Amino acid sequence: MNFMHGSNLPMLVMMTFWIVLIIIGFYLISNYLKGGEKRDSIDILKERLAKGEIDEAEYQRLKSVLENKM
1 MNFMHGSNLP MLVMMTFWIV LIIIGFYLIS NYLKGGEKRD SIDILKERLA
51 KGEIDEAEYQ RLKSVLENKM
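Here it is, written out as structure tokens:
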């Protein structure tokens with residue numbers, strides 16, 4: 001019984017399966033790691049106001065600009 005003269009299709013299917021699985025794994029892990037904390041622009045603006053980086057007038061102006069873009 002010599003199995004070396006058979007089709008290579010099962011081996012190619014298995015290799016393709018593992019390559020696709022590894023690529024999906026890398027994709028999911030990289031997205032998970034860089035996802036982190038997602039903050040929207042209004043939250044960042046509120047934080048800047050709280051830190052004193054901008055005053056109330058600047059906050060209102062920037063907030064209206066951001067709300068008009070959304």
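In the UniProt record's numbering, the protein residues as written are 1 to 70. By construction, the Cβ of each residue, glycine as well, lies at the ideal position given by its N, Cα and C atoms. No experiment lies behind these values; they were computed from the predicted model shown.
{"query": "With 16 other Cβ atoms within 10 Å as the buried cut-off, status of residue 45", "result": "buried"}
{"query": "8 Å CB neighbourhood of residue 63 in its chain, flanking five on each side removed", "result": "42 and 45"}
{"query": "As assigned by DSSP and simplified to three states, the class of residue 64", "result": "helix"}
{"query": "Within 7 Å, strictly: CB atoms of residue 54 and residue 61", "result": "no"}
{"query": "N- and C-terminal bounds of the alpha helix (DSSP H) containing residue 44", "result": "41–51"}
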